[in-house]
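For any residue, its number in the working numbering is found by taking its place in the sequence shown, counting from 1, and adding 65.
Below is one structure, written out as structure tokens; comments come after it.
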Amino acid sequence: MRGTGNHWDRNDPRRFGVRLPSAVSRLRDERLTAAGVTLWLKRDDLIHPDLPGNKWRKLKYNLAEVGDRDILTFGGAYSNHLRATAAAGRLLGVGTIGVVRGEPHLPLNPSLARAVSHGMRLTYMDRSTYRRKHTPEVLDALAERFGDCYVVPEGGSNALAVRGCAELAAEIEAQLAPDVVCAPVGTGGTVAGLAAGLSRGRRVVGFSALKGEGFLDRAVADLQTETYGRQRGSWEINYEFHHGGFAKRSARLDAFVVDFAVRHGIELERVYVAKMLSGIYEMARRGDFAAGTVIAAVITGGPEPGAAPIGR
Ligand SMILES: *Cc1c(COP(=O)(O)O)cnc(C)c1O
Numbered sequence: 066m067r068g069t070g071n072h073w074d075r076n077d078p079r080r081f082g083v084r085l086p087s088a089v090s091r092l093r094d095e096r097l098t099a100a101g102v103t104l105w106l107k108r109d110d111l112i113h114p115d116l117p118g119n120k121w122r123k124l125k126y127n128l129a130e131v132g133d134r135d136i137l138t139f140g141g142a143y144s145n146h147l148r149a150t151a152a153a154g155r156l157l158g159v160g161t162i163g164v165v166r167g168e169p170h171l172p173l174n175p176s177l178a179r180a181v182s183h184g185m186r187l188t189y190m191d192r193s194t195y196r197r198k199h200t201p202e203v204l205d206a207l208a209e210r211f212g213d214c215y216v217v218p219e220g221g222s223n224a225l226a227v228r229g230c231a232e233l234a235a236e237i238e239a240q241l242a243p244d245v246v247c248a249p250v251g252t253g254g255t256v257a258g259l260a261a262g263l264s265r266g267r268r269v270v271g272f273s274a275l276k277g278e279g280f281l282d283r284a285v286a287d288l289q290t291e292t293y294g295r296q297r298g299s300w301e302i303n304y305e306f307h308h309g310g311f312a313k314r315s316a317r318l319d320a321f322v323v324d325f326a327v328r329h330g331i332e333l334e335r336v337y338v339a340k341m342l343s344g345i346y347e348m349a350r351r352g353d354f355a356a357g358t359v360i361a362a363v364i365t366g367g368p369e370p371g372a373a374p375i376g377r
């Protein structure tokens, strides 16, 4: 820890108004019962209005390292991570700088407007530079402009984020005894930590919110190696349920979200959470989970007025 003595107080969840542990609730649904599957929802979406779920878990240990520097981080125009970082910086009393992929568009979308309302300064980066954003050359240029900042990578996923997400696994195991823990995947930090934190005999199934095959396995493996020096735990990533790609909608996904709200009174976040749950239901239906399997699904976030527009 850095020298000023009080960093653990500074990043105490209570200081941020984060309420832990998040609740678990059993979902009663005849389609799952028919498949012999018990599904629990781990309601990480409810821990804080501005620092939901995995965004808090990933920022927690990073915030302890910030000191008095500003925080600089990266994201797309609809990034939940940018918005959460802005809120965390305000609560911590440090400035935040958001490097946004692509060209500026005015008026700001609700997601970026919220980040700015929390005091974040925005700067835009063309897409080809953005692809090289974590290289020393680009980082040096940013340091030249914004001074000595604490840099958090895109999506907030680094070794400290993985350690924060490993705590989520322990929190779940204090509440439930799941065979399988499911989580959505964007950059892989959440799955990397969950898998590392779970006890032997339990496994993680991640559901990619992005179109593509295999690339997130690499990301999770790299994050675990960066954090622990090796891969840990049992995990796999399913790439079937992206519904057309990141932040895209499909008629099937829409129908799933509407049906889920009617049956369970829960409005699902669509970019990540609805895709994961649609995947769990489909895998249960076709018998991918042995009868008797207990699943804990991490609800990493809730619907936001400023969430990505569906169908871009
Ligand atoms: C950012 C985000 C994710 C992705 O988590 P990763 O650790 O980047 O894989 C999942 N769900 C929600 C709701 C998010 O905002």
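Beta carbons: idealized from backbone N, C-alpha and C, even for Gly.
Note that the structure is predicted; figures quoted are calculated from it, not measured.
Any non-hydrogen atom of ligand 1 closer than 6 Å to residue i Cβ
i      : result
Val250 : yes
Thr255 : yes
Asn303 : no
Gly279 : no
Tyr126 : no
Sequence-distant residues of its chain with Cβ nearer than 6 Å to residue i (five each side left out)
i      : result
Arg465 : Only positions 66 to 377 of the chain appear in the structure, and residue 465 is not among them; the question remains open.
Tyr126 : Leu225, Arg228, Gly229
Leu281 : Val250, Gly253, Ser273, Ile302
Pro368 : Glu332, Glu334
Ala257 : Val227, Val285, Leu288, Gln289
Residue i, DSSP secondary structure in three states
i      : result
Phe81  : helix
Val336 : coil
Gly294 : coil
Ser90  : strand
Lys123 : helix
Gly352 : coil
Pro374 : Low local confidence applies: a pLDDT of 49 at Pro374 is under 50, so the model's placement there is unreliable, with the coordinate-based value given in what follows. Of the three classes helix, strand and coil, the one that applies to Pro374 here is coil, per DSSP.
Gly118 : helix
Ile112 : coil
Endpoints, beta strand (DSSP E) assigned at residue i
i      : result
Val245 : 245-250
Thr188 : 185-190
Leu104 : 103-107
Ile364 : Here Ile364 belongs to no beta strand (DSSP E), and DSSP marks it neither H nor E.
Per DSSP, the bridge partner or partners of residue i
i      : result
Asn303 : Phe272
Tyr143 : Answer is none; Tyr143 lacks a bridge partner.
Arg166 : Met190
Thr138 : Gly163, Val217
Any chain C beta carbon closer than 7 Å to residue i
i      : result
Leu333 : Considering every chain present, this structure includes no chain C. It has just one protein chain.
Unbroken alpha helix (DSSP H) run spanning residue i, endpoints
i      : result
Ala312 : That residue, Ala312, is in no alpha helix (DSSP H); it is neither H nor E in DSSP.
Thr98  : 95-99
Asp324 : 316-329
Residue i: CB within 6 Å of a non-hydrogen atom of ligand 3
i      : result
Gly366 : Ligand 3 is not among the ligands present in this structure, which contains only ligand 1.
Neighbourhood of residue i by C-beta, 8 Å cutoff - its chain only, sequence neighbours within 5 removed
i      : result
Ala149 : Asp115, Leu116, Pro117, Lys120, Trp121, Leu124, Gly221
Thr358 : Gly101, Val102, Thr103, Asp244, Val245
Leu318 : His308, Arg335, Ala339, Lys340, Ser343
Other residues of its chain near residue i: CB distance less than 7 Å, five sequence neighbours each side excluded
i      : result
Val131 : Leu157, Val159, Tyr215
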